[in-house]
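Colleague: Would you mind keeping the following structure in view while I ask a few things?
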Amino acid sequence: MSKIPETLRYSDTHEWVEDLGGGRYRVGITDHAQELLGDLVFVEAPEADKAIRAGAVCGVLESVKAAADLYAPLDGTVVERNDGLGDNPQWLNEDPYGQGWIMVVEADASAGDGLMDAAAYAKIAEV
4 MSKIPETLRY SDTHEWVEDL GGGRYRVGIT DHAQELLGDL VFVEAPEADK
54 AIRAGAVCGV LESVKAAADL YAPLDGTVVE RNDGLGDNPQ WLNEDPYGQG
104 WIMVVEADAS AGDGLMDAAA YAKIAEV
């Protein structure tokens, strides 16, 4: 069974969002997503200063099984990306909610309002 931390919010495309305060949000893929993808070998994350729109493709994840699009879970501007993933894409498998974060987005305080809580995400993740 996948880990679904209670403190995060979730998109229906399996990204998690952590409110860092001050209009900044850390984003990554869920444990469920990394389990479905298998061993990740490449991550293409958006560059800093790139505007992203909720539901739009903003990057690519490649595993030994398949390539998958990375979707923006909220509207905002990327202010930081985890460049360590370039040499260590396995962090997404090993620690998806920690070392495997993908980007930090600056957005309005209400940007995460449409995201699910852990209980709602658990219902779609375990289907």
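Quick note: the sequence shown uses my numbering, first residue 4, plus one each step. C-beta: ideal position from N, C-alpha, C; glycine also.
1. Please list, in chain order, all residues of the same chain as A36 whose beta carbon is under 7 Å from its beta carbon, the five residues on each side excluded.
2. Is it the case that the Cβ atoms of L43 and E65 are separated by a distance below 8 Å?
3. If contact is defined by three or more beta carbon pairs under 8 Å, each pair taking one atom from either stretch, is the region 90-109 in contact with the region 64-81?
4. What do you reckon, are the CB atoms on D34 and K6 nearer than 8 Å?
5. Which residue spans inside the region 39-114 form an unbroken beta strand (DSSP E) run of at least 3?
6. Kindly list the residues whose CB is nearer than 7 Å to the CB of R29, restricted to its own chain and excluding five residues on each side of it in sequence; keep chain order.
7. My guess is that G115 and L73 are in contact by the Cβ rule of under 8 Å, so how many angstroms apart are they, rounded?
8. How about A69 and L40: are their beta carbons less than 8 Å apart?
9. Report the residue from F45, P99, E129, S14 whose alpha carbon sits nearest the alpha carbon of R56.
10. Looking at A48: is its Cβ nearer than 8 Å to the Cβ of G31?
Modeller: Reading from the atomic positions:
1. H17
2. Cβ atoms of L43 and E65: closer than 8 Å.
3. yes
4. yes
5. 43-47, 60-66, 70-74, 79-84, 106-109
6. E21, L23, W104, V107
7. With a Cβ gap of about 17 Å, G115 and L73 do not count as contacting.
8. Between A69 and L40, the CB-CB gap stays under 8 Å.
9. S14
10. no
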